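Residue numbers (our numbering), protein chains in the order written: chain S, 1 to 289; chain C, 290 to 652.
For every residue, glycine included, the Cβ atom is placed at its ideal position computed from N, Cα and C.
Bear in mind that the values here come from a model prediction, so they are computed numbers and not experimental data.
Inspection log for the structure reproduced underneath, given as structure tokens.
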Amino acid sequence: MVSTQGIAQSPQSAQPAFKTAASGARIDVSDVSHRFSLHGAALPVLDDVSFSVAPGEFVALLGPSGCGKSTLLRLVAGLDVPALGTVSSNGVAIRGPDPSRVVVFQDPTLYPWRTVRANVGLGPEAQRRRRRFPWSGVRSVEPRPEGERSAEQRIDAALRLVGLTDFEAAYPHQLSGGMAQRVALARALVNDPELLVLDEPFGKLDSLTRLRMQGELVKLWLDARFSVLLVTHDVEEALFLANRVIVFSERPARVTAEVRNDAPYPRHRDDPKLVELRREVLALLGLVA
Amino acid sequence: MSGTPHFDPASGHPGVGFQPHAAGNRTKPSRVSVASVSQAGPSLLPAWLAALAWLVSAGLTRWWPDADEWPHTGDLLVLKLMLTATGLLVGVAARRSILARQPDASPSRAERWLTAMPWLVALAVGVTAWEILSAKLEWLPRPFFAPPQALIAVFFDDFPRLGSSVAHSFGLLAYGYVIGAVAGFVTGVGIGWSRAVGYWLHPVLRLIGPLPATAWLPLAFFFFPSSFSASVFLIALATGFPVAVLTWSGVAGVNSAFYDIARTLGARPGFLILKVAIPAALPSVFVGLFMGLGASFSVLIVAEMMGVKAGLGWYLQWAQGWAAYSNMYAALLVMALMCSGLITLLFRFRDRLLAWQKGLLKW
């Protein structure tokens, strides 16, 4: 692989759009089992799953579809609580959702009644302190730390990052699928997340858009260095993006293997090493390529 | 908003299509060859026809003597001549704007008025036929069918009474509708959002809601201190039920992923209700408001006929007592304009609030 550019994680990279400090969260999933009740019967989805994500690491969860990966993501996001075991972030058990761990779902799920800009600004708006008296217009805002940017500046930066500044006044129904998913990404990034949780974020995009968005995601991650937990069933996507690929079995999901991918970024899709890893991972999934 | 029952926008006035993209009126500049330039604009014929029809109708009024003497026939003549002038003006203005128009410009106001001209022709034909059958030939039995000038007479001579009736009706309706809509909205959000509220209110709503509000009439007039407050209660009841049910269904049907997104972004319950559930439910809420408005009209008129001593319902009752049939027709016309106007207002408000939706129904 010929890499003409150095890896873009040099600290002096001019004016990074998002925090460059080692701000990634450490995620520990230990001995987690979970089940759904479906028509009264218990349906096990996760069976004693353990793994962890180091700060700033990009981890892909790979498995057959419907195996329970998305359930795992909901647990990490704090949207559900595991039946058994613990999920913790930076050593603290996750008890509920928190804007430091943002989820991007397969569907962009933008609010159709909000413009692109208002959708991106959802997080800052939701986290804003309530007005003490709604009619007085005075908000009981905690003083911002010195040097922290205002919500409007962060929204501007996020829109610029995904290249949608010109569309900030558009409504979601006016966007293409790829643009909508970019807005969803910007909506997540605005919150300066420590962990980005991606649930097959490019699954519904056309293949060209998907490739381009994968490249952009790598750039973003190299720049901001949050931790990433990506669920996918696309082997190439997992290998192109992640430091480490965790392979799951059929439902109930168990960790069957971990594949470390040390190839430097930016990666090349037909790097022989990736091709080799791909064969290995497909074999782990029971597919002889 | 696909689920609007009992309401077909296509049957509305074709002349009121204030859509900027009314495709039918648009010329396609790239495909227009020089030879077909004369066909580029919409036809002016309906405007000329409308003017002609009203002119002929005016001549009929002027030179064909009525079978009996009717006051205000002169005013009818003036009205017809004004409508003739309207047709001419629209035709001239549309012709001018079509000639001056850039190929890609959207239709001007005059051209949009042009789409109403076929209706002006039909109106001329209808009014003339009505006048011939009533005033000229008296084929329609006399006291029950009034000629057009009798309606004009009512509007001129009985204006104070009719005007105050409209004001009273409007006041009563506004009180009842606003109270009912707010109560229904709050109830609907409560049932849709909170399991506890749903547990207690849902059975009550199911039992009381389908009961026609007018069934409460005898009791309401007995319980309430005044017939006005009783009527406010009845109108609110009639409005509240559809608003509550449709708000509830709107809130219950919100995509749960919208909540997940907001929660991961740090939203509290207040934000989830005010900024997620309610905006997402608004299209459905407006269906409820529309149905509630229709229900409130009917309760309003019944309440005014039964107990309130003012308003259009009372006016109808009063006119019936005097066998003043032309007054009844006039009151019906005013009532139709008022109800239709209020519904138009509601839809305008909705269009403004829900501009983010595509494919809104046009009223």
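Relative to the C-alpha of Asp206 (chain S), which candidate in S:Val231, S:Gly177, S:Val190, S:Asn191 has its C-alpha closest? S:Gly177
Against chain C, does Phe105 (chain S) count as a neighbour if the rule is that its beta carbon must be under 8 Å from one of theirs? yes
Phe579 (chain C) and Leu635 (chain C) closer than 8 Å at C-beta: yes
Taking all protein chains shown into account, do 16 or more other C-beta atoms lie within 10 angstroms of the C-beta of Gly581 (chain C), making it buried, or fewer, making it exposed? buried
Determine, for Asp199 (chain S), whether the minimum Cβ-Cβ distance to residues of chain C falls below 8 Å. no
Count the other C-beta atoms from every protein chain shown that fall within 10 angstroms of the C-beta of Lys598 (chain C), then say buried if there are 16 or more, exposed otherwise. exposed
In chain order, what residues of the same chain lie with their CB nearer than 7 Å to the CB of Pro55 (chain S), ignoring the 5 residues before and after it? Ala22, Gly24, Ala25, Arg26, Ser227
Which first and last residues belong to the alpha helix (DSSP H) in which Pro335 (chain C) is found? 334-352
Among C:Val565, C:Ala527, C:Ser518, C:Arg552, which has the Cα closest to the Cα of Val540 (chain C)? C:Val565
Cross-chain neighbours of Asp98 (chain S) in chain C, by beta carbon under 8 Å: Thr553, Gly555
Would DSSP call Gly85 (chain S) helix, strand or coil? strand
For Phe560 (chain C), would you say it is in contact with chain S, using Cβ-to-Cβ distances shorter than 8 Å as the test? yes
Span of the beta strand (DSSP E), counted from its first residue to its last, around Leu175 (chain S): Per DSSP, Leu175 (chain S) belongs to no beta strand (DSSP E) and is neither H nor E.
Which residues in chain S have a C-beta closer than 7 Å to the C-beta of Ile550 (chain C)? List them in chain order. Thr109
Looking only at its chain, what residues have a beta carbon closer than 6 Å to the beta carbon of Ala592 (chain C), apart from the 5 residues adjacent to it on each side? Ser520, Leu523
What separation, rounded to the nearest whole angstrom, lies between the Cα atoms of Glu194 (chain S) and Leu222 (chain S)? 13 Å
Looking at the strands, I want to know which residues DSSP matches up with Arg101 (chain S). S:Leu195
Could you check if Tyr466 (chain C) is buried or exposed, using at least 16 other CB atoms within 10 Å of its CB as the buried criterion? buried
For Thr232 (chain S), name the three-state secondary structure that DSSP assigns. strand
Let's see if you can read the secondary structure: which residues bound the beta strand (DSSP E) around His34 (chain S)? 27-38
Thinking C-alpha only, which one of S:Val102, S:Thr115, S:Asp234, S:Pro97 is nearest Arg279 (chain S)? S:Asp234
Distance, Met406 (chain C) Cα to Leu185 (chain S) Cα: 52 Å
Cα separation between Trp482 (chain C) and Pro492 (chain C)? 16 Å
Measure the alpha-carbon distance for Ser37 (chain S) versus Leu72 (chain S) and round it to whole angstroms. 16 Å
Buried or exposed for Pro507 (chain C), please, with buried defined as at least 16 other CB atoms from any protein chain shown within 10 angstroms of its CB. exposed
When you compare the CB of Phe547 (chain C) with every CB in chain D, is at least one pair closer than 8 Å? Of the protein chains in the structure, S and C, none is chain D.
Cβ of Gln153 (chain S) less than 8 Å from any chain C Cβ? no
Short Cβ contact (8 Å threshold) for Ala620 (chain C) with Leu605 (chain C): yes
Please state whether the Cβ-Cβ distance between Gly577 (chain C) and Gly473 (chain C) is less than 8 Å. yes
What number of angstroms, rounded off, separates the C-alpha of Phe202 (chain S) from the C-alpha of Pro266 (chain S)? 19 Å
In whole angstroms, give me the CA-to-CA distance for Ala347 (chain C) and Leu370 (chain C). 6 Å
So Val102 (chain S) contacts chain C; which residues on that side make the cut at Cβ distance below 8 Å? Thr553, Leu554
Please state whether DSSP places Pro44 (chain S) in a helix, a strand or coil. strand
Using 8 Å as the threshold, is the segment 85-95 of chain S in touch with the segment 148-166 of chain S, meaning 3 or more CB pairs across them? no
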